[in-house]
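The block underneath contains the structure these notes are about, expressed in structure tokens.
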Amino acid sequence: MQLQKPMDAAGVNGCPTCAFEILGDHFMEGEVLTCEGCSAELEVVGLKPLRLAEAPEVEEDWGE
């Protein structure tokens with residue numbers, strides 16, 4: 094039986110979508126990066142430890 098992760102779960106040192114390990118200490122909180130394992134867009138939500146979450150979809154702004 095395979096457990097599924099909640100959609101808003103943050104991955105620690107890895108992609109929350111495919112679990113690809115992402116290493117480094119040069120990230121900034123709020124930075125958006127692309128997972129090399131599955132091409133998902135990820136947002137850095139924590140630094141120590143590195144925590145990643147799926148980046149929110151960019152919506153078109155119709156306001157003025």
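The sequence shown runs 94 to 157 under my numbering.
Glycine is no exception: its CB is placed at the ideal position from the N, C-alpha and C atoms.
Keep in mind that this is a model prediction, so the values were computed, not measured.
Could you please give the first and the last residue of the uninterrupted beta strand (DSSP E) stretch that includes residue i?
{"i": "Glu147", "result": "143-147"}
{"i": "Leu139", "result": "According to the sequence provided, residue 139 is Gly. The question's Leu does not apply to it. First-last of the beta strand (DSSP E) with Gly139: 134-140."}
Have a look at residue i and residue j and give me their C-alpha separation to the nearest angstrom.
{"i": "Gly107", "j": "Leu116", "result": "8 Å"}
{"i": "Phe120", "j": "Thr127", "result": "12 Å"}
{"i": "Glu136", "j": "Gly156", "result": "25 Å"}
{"i": "Leu145", "j": "Glu153", "result": "24 Å"}
{"i": "Pro149", "j": "Asp118", "result": "23 Å"}
Sort out for me which residues DSSP pairs residue i with in a bridge.
{"i": "Glu114", "result": "Gly107"}
{"i": "Val125", "result": "Glu136"}
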